[in-house]
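Residue numbers (our numbering): 30 to 165.
See below for the structure under consideration.
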Ligand SMILES: [Zn+2]
């Protein structure tokens, strides 16, 4: 992955974090998702009073998929609430579908660790191709 694109994704994830609606957790997170065609979608975490929420990664994926994108190259995730790299939660790891691609997990100082989706979710649930499909 080109370092220029990595830096751009990190920068966009930091910007997206500013829109986080997280007054219950006070844990803003931003994400920037690079689609296969070069389009970038950003996302932030969104919470509500009933304590349900969607994560920044899920917001970015939802925006991309709802615009017709299902092939991805990378996602950057940022937060300033931990000194360690911010890493996707369990449900988000399952959300990062569509093959094996890069997850850029940042620290507040903008340094990062990059791993593949398959490394973050080994043995993730995949549809069994031998199960009967929906009725036609
Ligand atoms: Zn999550």
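Yeah, the Cβ is synthetic: ideal placement off N, Cα and C, and Gly gets one too.
Straight-line Cα distance separating residue 95 from residue 132: Rounded to whole angstroms, the gap between the alpha carbons of residue 132 and residue 95 is 21 Å.
Beta carbon of residue 51: closer than 7 Å to some heavy atom of ligand 1? No, ligand 1 has no heavy atom inside 7 Å of this Cβ.
Excluding the 5 residues flanking residue 65 on each side, which residues of the same chain have their C-beta closer than 8 Å to its C-beta? The residues are 98, 100, 101, 102.
Residue closest to residue 121, alpha-carbon to alpha-carbon, out of 73, 32, 80: Each of 73, 32, 80 was checked against the Cα of residue 121, and the nearest Cα belongs to 73.
Using DSSP bridges, identify the partner residues of residue 150. In the DSSP assignment, residue 150 forms no beta bridge with any residue.
Using a Cβ-Cβ cut-off of 7 Å (strictly less than) and excluding sequence neighbours within five positions of residue 84, which residues of its own chain qualify? Taken in chain order, the residues that qualify are 58, 74, 118, 121.
Which residues are close to ligand 1, meaning CB closer than 7 Å to any heavy atom, in chain order? That query returns the following residues: 84, 86, 87, 117, 118, 120, 121.
Would residue 104 pass as a contact of residue 61 if the rule is Cβ separation under 8 Å? For the pair residue 104 and residue 61, the CB atoms are nearer than the 8 Å cut-off.
How long is the line joining the alpha carbons of residue 163 and residue 90, rounded to whole angstroms? Note that residue 163 scores 48 on pLDDT, short of 50, meaning its location in the model is unreliable; the coordinates nonetheless yield the value given after this. Straight-line measurement puts the Cα of residue 90 at about 24 Å from the Cα of residue 163.
As assigned by DSSP and simplified to three states, the class of residue 32: Correct three-state label for residue 32: helix.
CA-to-CA distance, residue 154 to residue 106, given in whole angstroms: Residue 106 and residue 154 have their alpha carbons spaced roughly 22 Å apart.
DSSP puts residue 63 in a beta bridge; with which residues? Answer is 69, 103, bridged to residue 63.
Euclidean distance between Cα positions of residue 109 and residue 50: In this structure, the CA atom of residue 109 is about 15 Å from the CA atom of residue 50.
Can you say whether residue 165 is buried or exposed, counting buried as having 16 or more other CB atoms within 10 angstroms of its CB? Because the pLDDT at residue 165 is just 47, under 50, the model does not fix this residue reliably, and the point stays unresolved.
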